[in-house]
Amino acid sequence: MGREEIDLLVENAEEIVTLRGGSQKPLLGEQMNNLGIIKNGSVAVNKGKIIAVGKKREIKAKFQAKEILNVEGKLVMPGFVDPHTHLVFAGSREEEFEMRIQGSTYMEILERGGGILKTVRETRKASRDELLRSCKKTLDTMLEHGTTTLEAKSGYGLSTADEVKCLEIMKALNEKHPIDVVPTFLGAHAIPVEYQGDADAYVSLIINEMIPAVASRGLAEFCDVFCEKGVFNISQSRSILVEGKKHGLMAKLHADEMTGFGGAELAAEVKGVSASHLLFASDNGLKTMARKGVAAILLPGASFSLMTGKYADARKMISWGVAVALGTDYNPSCLIESQQIVIALACHQMHMAPSEAIAAATINAAHALNREQTVGSLEAGKKADIAVLKAPNHKFLGYRWGTNLVDKVIKNGKLVVDEGKMA
Ligand SMILES: [Zn+2]
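So the sequence shown is numbered by my numbering: it starts at 487 and just counts up by one.
See below:
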């Protein structure tokens, strides 16, 4: 009997982290330690999809490949899924970095017209071409660090035209770049200067003009709100998210980041796909999220960048059966492009095991983006989005850090990064 002819074999990995079994439901509690590891394994790829994963000799017996990548001594895993980034913005905020070092808080900087508002001024001024060019560079770096799918939020436009502009840039990036870009509308990121003192009028603009404009153009899958004391309160957040859902946008929240504000409860109430941050979420809010299946996207890079020393209680969430995912929160106050760094922070600062952090940055992150059927694990039928790491086993993630462990990245079955650089 002849062997089936296929496009590509990724052969002879020291360890393959498959994350199999998490495509119907996210990995919860103890399941996060079961990564479906195969020693001395191979992945068979055809027409951009994974068709089989198994022991080297079993795969070799069944398939004959046009191209073979020998990955002896290396770790093979799904490409990282980054479920929370603020990809599209202009400029940078290094002077605020120095202010934070000297003790200024995020809210103090925002109240002085800095923070998000400074980036909004620069993003409104920037041309589409400038934004496209700088975002493409960021995506290149992210891809070289193993990310193959990410979520990108608008939220530095804060006018209908500028929010649409930023979402159109994401659409163009998704079409042009190997990384899959999943768009989220975050008009409710801050109250723009022209609406200071009249938040309700800005909320009306979001509801009556922005959401219909974004939804009718098919520019976003999710609608997010920065639900926080001094930004959008619970009732404003609820109205925005409910309106978004009426227009087919699934709900996401920035919740309980700086104060306990009832954001976790609201995420559960509106049946959100995810709530992010959750440093100050109440026990009741977290338990309700677990019951309703709302994913918790934890962003230890944001805590690290804010320098408050406070991190989300990942151990409690995992023990209560909350679906925990990890993201970079890439934005001008948290310029982290690498999910490997986020995994290291999760291990060191939130006491997550490497296995738990890997599940959180792959299959659980895919659930937090409604992409669990197509990415986040190495299983037959999924996209061939594969990262090959210079590591003998998965425990090196988090343990060896500060350097890029990625050797190769395969996206939709094509080699797009080789020896750590874009091919
Ligand atoms: Zn964010």
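Glycine included, C-beta positions come from ideal geometry on N, C-alpha and C.
Test item: CB-CB of GLY589 and ILE849 under 8 Å: no
To the nearest angstrom, report how far apart ALA687 and HIS834 are at their CA atoms. 43 Å
How many angstroms separate the CA atom of LYS796 from the CA atom of THR889? 25 Å
I need the straight-line Cα distance from GLY867 to THR860, nearest angstrom please. 8 Å
By the three-class DSSP mapping on this structure, what secondary structure does ASP799 have? coil
To the nearest angstrom, report how far apart MET803 and ILE896 are at their CA atoms. 33 Å
Below 8 Å on the Cβ atoms is my guess for ALA638 versus PRO678; work out the distance and round it to an integer in Å. Actually they do not touch by this definition, with Cβ atoms about 20 Å apart.
Can you name, in chain order, every residue of its own chain whose Cβ lies under 6 Å from the Cβ of GLN722, other than the five neighbours on each side? VAL689
Give the DSSP-derived three-state secondary structure of GLU553 in the structure shown. strand
Are the CB atoms of ILE523 and GLU501 nearer to each other than 8 Å? yes
If you count every other CB in all the chains shown that lies within 10 Å of the CB of ILE602, and 16 or more means buried, which is it? buried
So, with DSSP's three-state summary, where would you put HIS834? helix
Would you check if the region 509-523 and the region 806-819 touch, i.e. whether three or more CB-CB distances between them fall below 8 Å? yes
Taking the straight line between their C-alpha atoms, what separation do you get for VAL756 and ALA647? 27 Å
Mind checking who ALA761 pairs with in its DSSP beta bridge? LEU739 and ALA782
Touch test, the region 817-829 against the region 732-743, Cβ-Cβ under 8 Å, three pairs minimum: no
Buried or exposed: ILE587, going by 16 or more other Cβ atoms within 10 Å of its Cβ? exposed
With distances taken from CA atoms, which of GLY771, VAL874, PRO786 and ALA781 is nearest ASP904? VAL874
Jot down the residue ranges of each uninterrupted beta strand (DSSP E) in the region 614-679, minimum 3 residues, whole runs only, in chain order. 633-639 and 666-674
Quick one: is GLY683 buried, meaning 16 or more other Cβ sit within 10 Å of its Cβ, or exposed? exposed
Alpha-carbon spacing of LYS651 relative to PHE575, whole angstroms: 11 Å
Looking only at its own chain, which residues have a Cβ that is under 6 Å from the Cβ of ASN817, when we skip the five neighbours before and after it? HIS572
Starting from the C-beta of GLY775, find all residues in its chain whose C-beta is less than 7 Å away, skip the five residues before and the five after it, and write them out in chain order. Position check: residue 775 holds Met in this sequence, whereas Gly was assumed. Around MET775: ALA750, ALA753, ALA754, ALA761, ALA782 and VAL808.
For LEU821 and MET628, I'd like the C-alpha separation in whole angstroms. 11 Å
Within the present structure, is the beta-carbon of HIS631 separated from the nearest heavy atom of ligand 1 by less than 7 Å? no
Using only CA atoms, which one of TRP887, MET744, MET838 and LEU883 lies nearest to MET563? LEU883
Ignore the nearest five residues each way along the sequence and tell me which others in ASP568's own chain have a CB closer than 6 Å to its CB. THR633, LEU636, GLY813, THR814 and GLN825
So, helix, strand or coil for LEU911, using DSSP? As shown, the chain starts at 487 and ends at 909. That puts residue 911 outside it, with no answer to give.
Can you name, in chain order, every residue of its own chain whose Cβ lies under 8 Å from the Cβ of ILE595, other than the five neighbours on each side? GLU582, MET585, ARG586 and GLY601
So is the beta-carbon of ASN817 under 7 Å away from any non-hydrogen atom of ligand 1? yes
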